[in-house]
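Here the structure is laid out as structure tokens; the discussion comes afterwards.
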């Protein structure tokens, strides 16, 4: 089924363009050009964030952060090994995926840390990115209560992820 999704979408797009008597090829080229512009604007920040995460891990700062926050995390039942994931996830989804993949590679996907990381990745949002994109598109410059409320929602997501893993796995 998955092998037919992309060709089906291309066929549907082509037929829709023919029906509206528009040049489907030029429309797709324009869309691809916009996608490349977006890619070129995102790549530098992605490289910077991934480099920063690697530097935090290589310097030992991530481990120190995990040990420092361990009492707070254990109070809420969150594995201290996920400290870097908790801090990176609201900022960058790509960096959080890299941290999550590394946690799963190190501890195993069936471990409590691996499962907690997986649920955290699925139940939280890249808060600052989302706020900047949607508020920027709407022309809103003052976030007022949005950032604290969104960060609280992320915390609840992290907390519920650890509870979910402990209860159901």
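Numbering (the numbering used here), first residue to last: 1 to 169. Yeah, the Cβ is synthetic: ideal placement off N, Cα and C, and Gly gets one too. Quantities reported herein were computed from a predicted structural model and do not represent experimental measurements.
Check, Outcome
"Enclosing alpha helix (DSSP H) for residue 109 [first to last residue]", "Here residue 109 belongs to no alpha helix (DSSP H), and DSSP marks it neither H nor E."
"Integer-rounded CB distance, given that residue 166 should sit under 8 Å from residue 77", "6 Å"
"Cβ contact (3+ pairs, closer than 8 Å) linking the stretch 105-116 and the stretch 145-157", "no"
"Residue 73, buried or exposed, once every other Cβ within 10 Å from all chains shown has been counted against 16", "buried"
"Rounded C-alpha distance that separates residue 10 from residue 29", "13 Å"
"Extent of the continuous alpha helix (DSSP H) to which residue 63 belongs", "61-76"
"Within 7 Å, strictly: CB atoms of residue 126 and residue 162", "no"
"Same chain only: Cβ atoms within 8 Å of residue 80, ignoring 5 sequence neighbours per side", "66, 67, 69, 70, 73, 74"
"Continuous alpha helix (DSSP H) stretch holding residue 132: start and end", "127-138"
"Length of the line joining the Cα atoms of residue 16 and residue 160", "44 Å"
"Rounded straight-line distance, which links the Cα of residue 58 to that of residue 52", "10 Å"
"7 Å Cβ cutoff met for residue 136 and residue 121", "no"
"Beta-carbon spacing of residue 130, residue 89 below 7 Å", "no"
"Bounding residues of the alpha helix (DSSP H) (the contiguous stretch that carries residue 19)", "5-19"
"Proximal residues to residue 93 (C-beta, below 6 Å), its chain only, five neighbours per side dropped", "126"
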